[in-house]
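Trainee: Counted from 1, the sequence shown has number 97 at position 98 by numbering that gives the first Met the number 0; the numbering is strictly sequential. The structure's right below; bear with me while I get my questions together.
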Amino acid sequence: MCPSSRSLLPTTTSSASSYFRPAFDILDADRDGKISHDDLHTFYTDIYGGGEGGDDFIGAMMTVADTNKDGFVEYDEFERVVTGERRTLGCGAMEDVFRVMDKDGDGMLSHQDLKSYMALAGFSVTDEDITAMIKFAGGDKNGGVSFDGLLRILALDGSVSN
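Next up, the structure:
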């Protein structure tokens, strides 16, 4: 199920402009304030060990996100993609996030998958926090969380049912 029209952004305007900054900073490998093709290549090589995330895939991602066609994804472009402002991305962007988080590729986010990704994104969470997320998402400690469950965690679609 694709996300609803709800936004990932917090309700206060002041915090909205930096809400996704930790994720942006992870992708901005050279820390120059913009995401380049090389930055994405570095990220996907680290995640997939060079096996996936080829140049065609990275090129397609850049084409979708780089709305001003300068060869880079600036923060405002990144934020538009992540929040789904460009509805043509819909579930695709979130499915990509899910695949990155799902380290073993079993279609479920385990306790360890969630904990690892949260740490990578710069969020300090406890085991109890992760367990609560899994429970909220309708998953269980052993089975993990489905894609729909991830959407529920992110409050993209509170009507998601398992």
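Just so you know, even glycine gets a beta-carbon here, dropped at the ideal spot from N, CA and C. In this text, all values refer to a predicted model and were calculated from it rather than measured experimentally.
1) Report the rounded CA-to-CA distance for E94 versus V124, giving the unit in angstroms.
2) Around the Cβ of T62, are there at least 16 other Cβ atoms within 10 angstroms (buried) or fewer (exposed)?
3) Given a cut-off of 8 Å, decide if L26 and D38 are closer than it, judged by their beta-carbon atoms.
4) For my contact list, L108 and V144 are in at a C-beta cut-off of 8 Å; report their separation, rounded to the angstrom.
5) Taking DSSP as the reference, what is the three-state secondary structure of G148?
6) With a threshold of 6 Å on Cβ separation, who are the neighbours of F77 within its own chain once the five nearest residues in sequence on each side are excluded?
7) Helix, strand or coil for D101? Go by DSSP, reduced to three states.
8) Does R151 pass the burial test, meaning 16 or more other C-beta atoms within 10 Å, or should it be called exposed?
9) So if DSSP puts I25 in a beta bridge, which residue, or which two residues, is it bridged to?
10) Per DSSP, what kind of secondary structure is E51 in: helix, strand or coil?
11) At which residues does the alpha helix (DSSP H) containing L108 begin and terminate?
12) So is D101 buried or exposed if we call it buried at 16+ other beta carbons inside 10 Å?
13) Put E139 into one of helix, strand or coil per three-state DSSP.
14) Put V72 into one of helix, strand or coil per three-state DSSP.
15) Kindly list the residues whose CB is nearer than 8 Å to the CB of F135, restricted to its own chain and excluding five residues on each side of it in sequence; keep chain order.
Mentor: Checking against the coordinates, here is how it stands:
1) Translated into positions along the sequence shown, residue 94 becomes position 95. Translated into positions along the sequence shown, residue 124 becomes position 125. Using only the alpha carbons, I get a separation of about 23 Å.
2) Here residue 62 is taken as the residue at index 63 of the sequence shown, counted from 1. With fewer than 16 Cβ atoms within 10 Å of its Cβ, T62 is classed as exposed.
3) Within the sequence shown, the letter at position 39 stands for residue 38. Within the sequence shown, the letter at position 27 stands for residue 26. Between D38 and L26, the C-beta gap is smaller than 8 Å, which places the two residues in contact.
4) Here residue 108 refers to the residue found at position 109 of the sequence shown. Here residue 144 refers to the residue found at position 145 of the sequence shown. Yes, they are in contact, since the Cβ atoms of L108 and V144 sit about 4 Å apart, within 8 Å.
5) As a first step, residue 148 must be located in the sequence shown, where it is residue number 149. Correct three-state label for G148: helix.
6) Counted from its first residue, the sequence shown places residue 77 at position 78. F23.
7) Taking the sequence shown and counting its residues from 1, one reaches residue 101 at position 102. D101: coil per DSSP, three-state reduction.
8) Counting from one through the sequence shown, the residue named residue 151 turns up at place 152. By the 10 Å Cβ count, R151 comes out buried.
9) By 1-based counting over the sequence shown, the position of residue 25 is 26. Answer is none; I25 lacks a bridge partner.
10) As a first step, residue 51 must be located in the sequence shown, where it is residue number 52. Low confidence applies to E51: its pLDDT is 47, below 50, so where it sits in the model is not reliable, and the reading given next is rough at best. Coil.
11) For the purposes of this step, residue 108 is taken as the residue at position 109 of the sequence shown. Where L108 is concerned, there is no enclosing alpha helix (DSSP H), given that its DSSP letter is neither H nor E.
12) By one-based count along the sequence shown, residue 101 stands at place 102. Buried is the call here.
13) The sequence position of residue 139 within the sequence shown is 140, counting from 1. With the sequence shown as reference, residue 139 is identified as Asp, and Glu is not the correct amino acid for it. It is a strand residue.
14) As a position in the sequence shown, residue 72 is number 73, starting the count at 1. Of the three classes helix, strand and coil, the one that applies to V72 here is strand, per DSSP.
15) Position 136 of the sequence shown, counted from the start, is the residue given in the question as residue 135. Its chain contains R151 and I152 as the residues whose beta carbon lies nearer than 8 Å to that of F135, once the 5 sequence neighbours on both sides are disregarded; these appear in chain order.
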